[in-house]
Amino acid sequence: MNPKDLVEEELKQIDWHQVEQYPVFKSCAHCDGLQAQQRCFEVTLTKWVMEELSKQQALVTDSIDDQMLVYFKITRRGEIFVDSLQQSETLEHQLPKLKQWLTQSIENLPEVYPAQKRGVPVQTTFKLPVQIISE
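Residue numbering for the sequence shown follows the numbering used here, beginning at -14 and increasing consecutively.
Have a look at this one:
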């Protein structure tokens, strides 16, 4: 078998939907194991986003108790951005600046180290559920 065939065979066996190291913030670098890294990353990101969103002065006409999904993308250089939102029409109508606020909330995030596969930084996309409650 020639080297090119060996490489192609190896690439077929790699599960490209799973990473070996989850994206991490510096504060999560101490975590051992993929699940611990994932949990620390998600908790840190959720706290940061919720703190930033709570600073916004939103005027709503009706009370809100709704959940949305925020899809984040982290590049192989560790840049994070809001890829898309999955939200109800109510949220979209009541909070039209929500995506803008989410984008602003991650601009000042601490440095993110990208996910890795076989020691190589890779781009990842993940979703984060966010509960919006307003009275």
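In this text, a Cβ means the ideal position worked out from N, Cα and C, and glycines have one as well.
Practice task
Under 8 Å by Cβ, that's how I've got Tyr56 and Asp68 pegged, so tell me the actual separation to the nearest angstrom.
Solution key: Tyr56 to Asp68, Cβ: 4 Å. Contact.
Problem - Cβ neighbour criterion (16 or more within 10 Å) applied to Ser90 - result: The residue in question, Ser90, is buried, as its Cβ has 16 or more Cβ neighbours within 10 Å.
Handout entry: Outcome for Ile59 when other beta-carbon atoms lying within 10 angstroms are tallied against a minimum of 16
Key = So Ile59 ends up on the buried side.
Exercise for the section: Can you have a look at Met53 and say buried or exposed, based on whether 16 or more other CB atoms are within 10 angstroms of its CB? Expected result: It counts as buried.
Exercise for the section: Below 7 Å CB to CB, which residues in the same chain sit around Gln22 once its five sequence neighbours on both sides are set aside? Expected result: Take Gln22, set aside five residues on each side of it, and the residues of its chain with a beta-carbon closer than 7 Å to its own are Gln6, Tyr7, Val9, Cys13, Cys16, in chain order.
Exercise for the section: Look up Ser119 in the DSSP assignment and say whether it is helix, strand or coil. Expected result: Ser119: strand per DSSP, three-state reduction.
Exercise for the section: Determine the extent of the beta strand (DSSP E) in which Ala100 is found, giving its start and end residues. Expected result: First-last of the beta strand (DSSP E) with Ala100: 100 to 102.
Practice task
Using three-state DSSP, classify Val9 as helix, strand or coil.
Solution key: DSSP places Val9 in strand when its eight states are reduced to three.
Problem - Inter-residue CB distance, Pro106 and Pro99 (contact presumed, cutoff 8 Å) - result: With 8 Å as the limit, Pro106 and Pro99 qualify as a contact, their Cβ atoms being about 4 Å apart.
Handout entry: Host alpha helix (DSSP H) of Val45 (start-end)
Key = It is not in any alpha helix (DSSP H) - Val45 carries neither H nor E in the DSSP assignment.
Handout entry: Exposed unless 16 or more other CB atoms sit within 10 angstroms - verdict on Leu80
Key = Flag for Leu80 reads buried.
Handout entry: Sheet register partners of Leu113 (DSSP bridge)
Key = Leu113 has Val55 as its beta-bridge partners, per DSSP.
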